[in-house]
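Residues 4 to 595 in this note's numbering are what the sequence shown lists, from first letter to last.
The C-beta atom is built at its ideal place from N, Cα and C for all residues, glycine as well.
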Amino acid sequence: METIIQDILSALRAGSAPDAAWLARRLRRCPRSSDGGAAGKLELLAFYRAAKEETGPLWKSWAIAPEEDRAILRLLKLKPRRSASGVATITVVTMPHPCSGSCIYCPNDIRMPKSYLSNEPACQRAERNCFDPYLQVRARLALLESNGHVTDKIELIVLGGTWSDYPLPYQLWFMTELFRALDDDDVAAEQRRAERTAFYRDCGILSEPEELASQAQPLQELVDAGACTYNGAIGTLYSSDSWERARSIQQASFEELEAAQRANEHARRRVVGLCVETRPDLVDDGSATLMRRLGCTKVQMGIQSLDQAILDRCGRNNTVERIARAFACLRINGFKIVAHMMANLPGATPQGDKDDYLRLVTDPRFQPDEIKLYPCVLIASSALMRLQGRDAWQPYTEEELIDVLAADVAATPAYVRISRMIRDFSSGDIVAGNKKTNLRQMVDAAGGDAEVLEIRQREIATGDLSPDELRLSSVIYGTSVSQERFLQWMGPDGTIAGFLRLSLPKDGATAMIREVHVYGRVAELGGSEEGGAQHIGLGRSLIESACSQAHAAGFSAIRVISSVGTRPYYRRLGFADEELYQIRSLQAEGEQ
Ligand code: SF4
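Take a look at the structure:
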């Protein structure tokens, strides 16, 4: 191990940049890591971190400079993709809570918020931490950092049924705790973590999966048999004295939330994005304003289908018209919009699914920024399971499914990212439907050499940038409420190094920057100019270009839906704080 670290250092000091392939070759020559795979890398990372923490003679003998330390940790990271998009992502899960929907394909695992299963990775972490947001964030941070990830910029993704169904005091507490977990220094955090864990133990809250499974089993069996609803079962399961006592701390005020947000503006780990998920029928100006006050920048909406007959057959209790209104509301309020769509729902056909997807990405009433495209699968606890045998649903063949998804990818415009194609369900939970975890690769392969515009396939991940080769281009498209401009820094081969979403509302009100994203390795906030695309000015040039374009289009001011941790950055660029956004006058734009 020591020799490998010395070899990495020698390579760095000789001016070369050892990459993953170099490391794999070097590990293969090491007798303790003969496969050169993740285990060898994991060992090496653990060895390096232990030497660093001990700061003994070995560490001193290496005389590692801070930039060499960063380069080594970057090289030893286990999952480069996790922070390759420019930020480290932390997913947290809310408490199980009644959902106002009744969708027949939706899992009813009463240990989890509606639609999630207790053996999904983020759900396991949530349950082990009593669904406490503070504990979940600290557990995830510890793992990311022990794997060598930089955690200065964090995107928080809040999962769990329908966010807007939760009571306001719980929403305030949950968000306050998320920010607090990133604001606290490591000593304070360890103390708070220990106190909080002891509190839940005192309350009698279980956290071991086997105990939780056996506690839930009798009620789960009733739910699976259709003798009890999910909402009824969790009402029973979580109204115990233990949970009543635990809930006594689950409230906060706007003042507490705002104090935690202000602290995060200058914290070591800053929130650069915050996402919740909800249903279109719960989106209106009131809920959008509340989500903004909570610090949200992105909203995931369950759309699933734009075919009213399919929505009705699935028990979605929603209308296409209501979905369109939700898109318009979120867009006008500046949010990035993530749509969940499902293929192969009850009543769907392959051609109908292709047409439906095309409507989603081209009809001006919809046009999300990001899509999670999930094929329907049969889960034992869902209502659909009990309808099986009555011709309620048949899974597509693998060929049919891949054909539908490949057509969807091909139809996706340059300003849309398909973030996912499967849920994190284990194959043991899937009674029927796709179980292939590499479905996306199969879909990509089926697309052959056809040009793909979709963002995820074009984004620069861990590759080196050549800024001189980049050019700035704009894609312009119209929605029911705005003209949208997607500004992108592109390489000659169509790769994308950064982008910005600019909304120019039709009513002539203030222009809005809905998203700025620059790819590259996560560079430390306020760090050097080296280390990736984040610090070579791509973001700033996108913002200046958006300001110029908005001014040329006749707008006198532009807002940005900044995240709490990016407020100082926008202040430096001339944006002033408002209650919900930051704003910059464009009056003098032409004189600059
Ligand atoms: S609204 Fe969402 S969480 Fe609720 S039942 Fe429908 S799919 Fe499940």
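Taking every protein chain shown into account, the CB of residue 97 has 16 or more other CB atoms within 10 angstroms, so this residue is buried.
Residue burial annotation: residue 59 is exposed, with fewer than 16 other C-beta atoms found within 10 angstroms of its C-beta. In this structure, residue 332 has its CB at a distance of at least 6 angstroms from all heavy atoms of the ligand SF4. In this structure residue 479 is exposed. Its beta-carbon is surrounded by fewer than 16 other beta-carbon atoms within 10 angstroms. In this structure, residue 336 and residue 283 do not form a Cβ contact; the two beta carbons are roughly 14 angstroms apart against a cut-off of 8 angstroms. In this structure residue 578 is not in contact with residue 514, their Cβ atoms being roughly 12 angstroms apart against a cut-off of 8 angstroms. Three or more pairs of CB atoms, one per stretch, sit closer than 8 angstroms, so the stretch 418–438 contacts the stretch 365–372. Between residue 241 and residue 133, the C-beta gap is not smaller than 7 angstroms, which leaves the two residues out of contact. Your pair residue 292 and residue 583 checks out as a contact, with CB atoms roughly 7 angstroms apart and the cut at 8 angstroms. Taking a 10 Å sphere around the C-beta of residue 244, we find fewer than 16 other C-beta atoms and assign the residue as exposed. Judged by their CB atoms, residue 285 and residue 299 are not nearer to each other than the 7 angstroms cut-off.
Short of 7 angstroms from the beta carbon of residue 385, and not among the five residues preceding or following it, lie these beta carbons of its own chain, in chain order: 107, 108, 109, 110 and 111. Rounded to whole angstroms, the gap between the alpha carbons of residue 499 and residue 455 is 12 angstroms. For residue 492, the enclosing beta strand (DSSP E) covers residues 485–493.
Secondary structure of residue 264 (DSSP, three-state): helix. Between the stretch 299–316 and the stretch 358–370 there are three or more C-beta pairs closer than 8 angstroms, enough to call the two in contact. Excluding its 5 nearest sequence neighbours in each direction, residue 459 has C-beta neighbours in its own chain below 8 angstroms: 420, 421 and 422, listed in chain order. Apart from sequence neighbours up to five positions away, the residues of its chain that approach residue 105 with a beta-carbon distance below 7 angstroms are 318 and 320, ordered along the chain. CA-CA distance, residue 471 to residue 22, rounds to 22 angstroms. Between residue 581 and residue 223, the alpha-carbon positions lie close to 48 angstroms from each other. Just so you know, the alpha carbons of residue 332 and residue 14 end up roughly 53 angstroms apart. Judged by DSSP in its simplified three-state form, residue 451 adopts coil rather than helix or strand.
Each of 451, 345 and 71 was checked against the Cα of residue 376, and the nearest Cα belongs to 345. Our two residues, residue 117 and residue 586, have alpha carbons roughly 38 angstroms apart in a direct line. Residue environment for residue 136: buried (at least 16 other C-beta atoms within 10 angstroms of its C-beta). Taken through DSSP and simplified to helix, strand or coil, residue 592 comes out as helix.
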